[in-house]
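Protein chains: 2
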Amino acid sequence: MTSVGEKVSNKQVIFRNFVSGFPKESDMYVTTRTIKLTAPEGSNAVLVKNLYLSIDPFLIVLMRPPSNNLSQLGTFIPGSPLSGYGMAKVLESGHPNFKEGDLVWGITRWEEYSLLTETDTLFKIQHADVPLSYYTGILGMPGMTAYVGFYEICSPKKGEYVFVSAASGAVGQLVGQFAKLLGCYVVGSAGSQEKVELLKSKFGFDKAFNYKEEHDLDAALKRYFPEGIDIYFDNVGGKTLDTVLLNMRDKGRIAVCGMISQYNLDEPEGLKNSMCILIKRIRMEGFHINYHYHLYPKFLDTVLPYIREGKIVYVEDIDEGLESGPAALVGLFHGRNVGKKVVVVARE
Amino acid sequence: MTSVGEKVSNKQVIFRNFVSGFPKESDMYVTTRTIKLTAPEGSNAVLVKNLYLSIDPFLIVLMRPPSNNLSQLGTFIPGSPLSGYGMAKVLESGHPNFKEGDLVWGITRWEEYSLLTETDTLFKIQHADVPLSYYTGILGMPGMTAYVGFYEICSPKKGEYVFVSAASGAVGQLVGQFAKLLGCYVVGSAGSQEKVELLKSKFGFDKAFNYKEEHDLDAALKRYFPEGIDIYFDNVGGKTLDTVLLNMRDKGRIAVCGMISQYNLDEPEGLKNSMCILIKRIRMEGFHINYHYHLYPKFLDTVLPYIREGKIVYVEDIDEGLESGPAALVGLFHGRNVGKKVVVVARE
Chain A
1 MTSVGEKVSN KQVIFRNFVS GFPKESDMYV TTRTIKLTAP EGSNAVLVKN LYLSIDPFLI
61 VLMRPPSNNL SQLGTFIPGS PLSGYGMAKV LESGHPNFKE GDLVWGITRW EEYSLLTETD
121 TLFKIQHADV PLSYYTGILG MPGMTAYVGF YEICSPKKGE YVFVSAASGA VGQLVGQFAK
181 LLGCYVVGSA GSQEKVELLK SKFGFDKAFN YKEEHDLDAA LKRYFPEGID IYFDNVGGKT
241 LDTVLLNMRD KGRIAVCGMI SQYNLDEPEG LKNSMCILIK RIRMEGFHIN YHYHLYPKFL
301 DTVLPYIREG KIVYVEDIDE GLESGPAALV GLFHGRNVGK KVVVVARE
Chain B
1 MTSVGEKVSN KQVIFRNFVS GFPKESDMYV TTRTIKLTAP EGSNAVLVKN LYLSIDPFLI
61 VLMRPPSNNL SQLGTFIPGS PLSGYGMAKV LESGHPNFKE GDLVWGITRW EEYSLLTETD
121 TLFKIQHADV PLSYYTGILG MPGMTAYVGF YEICSPKKGE YVFVSAASGA VGQLVGQFAK
181 LLGCYVVGSA GSQEKVELLK SKFGFDKAFN YKEEHDLDAA LKRYFPEGID IYFDNVGGKT
241 LDTVLLNMRD KGRIAVCGMI SQYNLDEPEG LKNSMCILIK RIRMEGFHIN YHYHLYPKFL
301 DTVLPYIREG KIVYVEDIDE GLESGPAALV GLFHGRNVGK KVVVVARE
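Residue numbers (the UniProt record's numbering), protein chains in the order written: chain A, 1 to 348; chain B, 1 to 348.
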């Protein structure tokens, strides 16, 4: 038991450096520093105890040195803890919107205790009748990403043909369920038989396939979408996106949510089928969830009832302990997670 | 002077075949057949005398054999005349919307006289106080393409930074003028010094450059757009599009109107910078003007006054005689035209 004002040890996952390719566990290390459990008087800072950390693919982008191309997302500082989404409990607050005991989710750091000075993306949790870890997933950034990407970017209509890549992941599993609730035909791709089974049996996808076993993706897509694809929710980019372009229907829409297949490449794969954008009048749009959080209350009104009524389910892949953070992040790029990857720092 | 019912000679440009690469004059040949100047009784057909033919880049797509990728645009039939946009005079009509003496524009064939059975894209000309050739350009398909592509697809705002490729062409010269009228900063690229001068002196582009003299397009774009590009009106695709992606601003829009740099390639160039779509939240959208003709009356209301008041100008590059059609079309892919390419079949 700790109390406010006390100086305590603070375990952290520190960013060492990153060269190229996939992130490695050795790009990070775990250390223990100390922190005084107080929010400095007169500041707007919020002192939190981190409970759950969200392990997200976009973190690899922040590991790379700033470049012209990616600079808008910021970068990690060597020697400092990683930052990212998480769920936490407020211990002390200098900010009028938060008070001791509040549960929050948003951008925090990979450590036991964090003094957060940037509170723009810190949301107070109003509904604690669902698993609190959900605020790193279905009720947090990935949930909002699925919601905004599907409903706002894809302009979906009942009966349309929807394809989702990385479909069992934090975002994909929800996109598929949203599409089914709207009355779409939905096919998902994933990287193992276990995930494929999950898509069909648990999330209600009409069809699902293991992309590692489909050596001719074009043929596979033509088999699953004989009429073509109206909506592609892209989490992977690269060759998958390129092959999907060939299989889009006229006036198709592509939400560019992530490009996990490209994040580890120094030289990205080229899209050879960009002519399809012209010929098929495709709309392709990238989005960042940061600019859509004004929709969060509307999102909760939609999704919370679905969760409570069991109309939407969510699968998490939870590791125990802050120390498991580096392996969890590395595993993401090898498809080791089954569902939303979460690290538990503390249960309360 | 010919009269309805008479059997007359009908000069035609016939499609021979097309293998790969740029079209060649030998892919077509001129011949003379005969035609009976009548619209068969009880039919909806319209018999026209063709006056002006519109020489458009998209015609190369119709020369290629049908493939999965491009099939939506149709294909030319070897041994038959080419078809495309043109301006014509009605000699006899079985269709209630047209009568003898009407001036029309729309899809016709490369011949002196055509019996048109597909009248969906045949528009009656209501305003003959402007040059009639304008109905192959500023007041026809290219004009509508510029209008819809800029106003509807690009969602432009005053003060935004606009880049137009193939900027002195049939569409580009108008996009630039629309953007200037809205109060945007506009830069155009073209393939000769003469065209660059035209862009600056005649069409009022803020800046213009000869892409053939810019060996580092990325550096050129950074020089002309130190703040980046909000809107890219793409007429060329390929490497230009790829380099523009690197120079787009956050929430930029790309109207994919044409990809003339790719039409002659068997293997298209890859887009390496597709990650920018994600990182910069770019919206990229292809469109075909065929689906937007309901806006034609609104378009005329906007553009006719501009023409009459001299607020918009239009440069045409006119060749005399149907025989000049093949060379005119081939020249398009070598940038030989300065402005909208038109072939005169007859003046009245």
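Ideal placement from N, C-alpha and C gives every residue a C-beta, glycine not left out.
Fair warning: this is a prediction, and the values are worked out from it, not measured in the lab.
At a cut-off of 7 Å between C-beta atoms, K89 of chain A does not count as an interface residue with respect to chain B.
Pairing Y161 of chain A with Y135 of chain A gives a Cβ-Cβ distance that is not under 7 Å.
When 7 Å is used as the limit between beta carbons, V256 of chain A is near these residues of chain B: I277, L278, in chain order. When the beta-carbon positions are compared, A167 of chain A and L199 of chain A come within less than 7 Å of each other. Ranked by how close their Cα comes to the Cα of K212 of chain A, the residues A:K311, A:S189, A:R33 have A:S189 in first place.
Under a criterion of Cβ atoms nearer than 8 Å, the residues of chain B adjacent to H288 of chain A are, in order, R281. Taking a beta-carbon distance threshold of 7 Å, L174 of chain A does not count as an interface residue toward chain B. For P226 of chain A, the closest Cβ of chain B is not nearer than 7 Å. The beta-bridge partner set that DSSP reports for S93 of chain A consists of A:V46.
Look at the stretch 176-200 of chain B: it has no residue with a C-beta under 7 Å from a C-beta of chain A.
Exclusion of the five residues before and after Q177 of chain B leaves F203, I312 as the residues of its chain whose Cβ lies within less than 6 Å of its Cβ. As the crow flies, the alpha-carbon of K157 of chain B is around 22 Å from that of I138 of chain B.
If you draw a straight line from the Cα of M28 of chain A to the Cα of F15 of chain A, it is about 5 Å long.
Taking the beta carbon of G270 of chain B as reference, the chain A residues within 7 Å of it are G270, L271, K272, listed in sequence order. Pairing I60 of chain B with C154 of chain B gives a Cβ-Cβ distance that is not under 7 Å. With respect to the C-alpha of C257 of chain B, the residue from B:E285, B:K251, B:M248, B:N273 having the closest C-alpha is B:E285. For F209 of chain B, the uninterrupted beta strand (DSSP E) run begins and ends at 207-210, by DSSP. The stretch 17-36 of chain A and the stretch 299-307 of chain A do not touch, with fewer than three beta-carbon pairs separated by less than 8 Å.
Counting only unbroken stretches of 4 or more residues, the alpha helix (DSSP H) elements lying wholly within the UniProt domain "Alcohol dehydrogenase-like C-terminal" (170-302) of chain B are 172-182, 193-201, 217-224, 238-247, 275-279, in sequence order. As the crow flies, the alpha-carbon of K222 of chain A is around 10 Å from that of D216 of chain A. Only those residues of the stretch 139-173 of chain B whose C-beta falls short of 8 Å from the nearest C-beta of chain A would be listed, and there are none. Listed by position along chain B, the residues whose Cβ is nearer than 9 Å to that of E285 of chain A are I277, R281, I282, R283, M284, E285.
Residue-level contact check: M259 of chain A touches chain B, since one or more beta carbons of chain B fall below 7 Å from its beta carbon.
The shortest C-alpha to C-alpha distance from D234 of chain B to any of B:H294, B:P226, B:G149, B:S80 is the one to B:G149. Think of a sphere of 8 Å around the beta carbon of G237 of chain B: the chain A residues whose beta carbon falls inside it are S274, M275, L278, in chain order. Residue state for T119 of chain A is assigned as coil, using DSSP reduced to three classes.
Annotation: V343 of chain A is outside any alpha helix (DSSP H); the continuous beta strand (DSSP E) that includes it extends over 340-344. P156 of chain B carries a coil assignment under DSSP once its states are collapsed to helix, strand and coil. Excluding its 5 nearest sequence neighbours in each direction, S9 of chain A has C-beta neighbours in its own chain below 7 Å: T32, T34, listed in chain order. The C-alpha of L37 of chain B lies about 19 Å from the C-alpha of G86 of chain B. Look at S54 of chain A here: in three-state DSSP terms it is strand.
If you ignore the 5 residues before and after L246 of chain A, its C-beta comes within less than 7 Å of the C-beta of D218, N273, C276, all in its own chain and listed in chain order. Checking the DSSP bridge columns, you'll see F163 of chain B partnered with B:V187, B:Y232. Between the beta-carbon of Y314 of chain A and that of Q173 of chain A there is about 7 Å, and that keeps the pair under the 8 Å contact cut.
Take the alpha-carbon of R336 of chain A and the one of L182 of chain A: they are about 30 Å apart. For Q262 of chain A, the residues of chain B that pass the 7 Å Cβ criterion are M275, in the order they occur in the chain.
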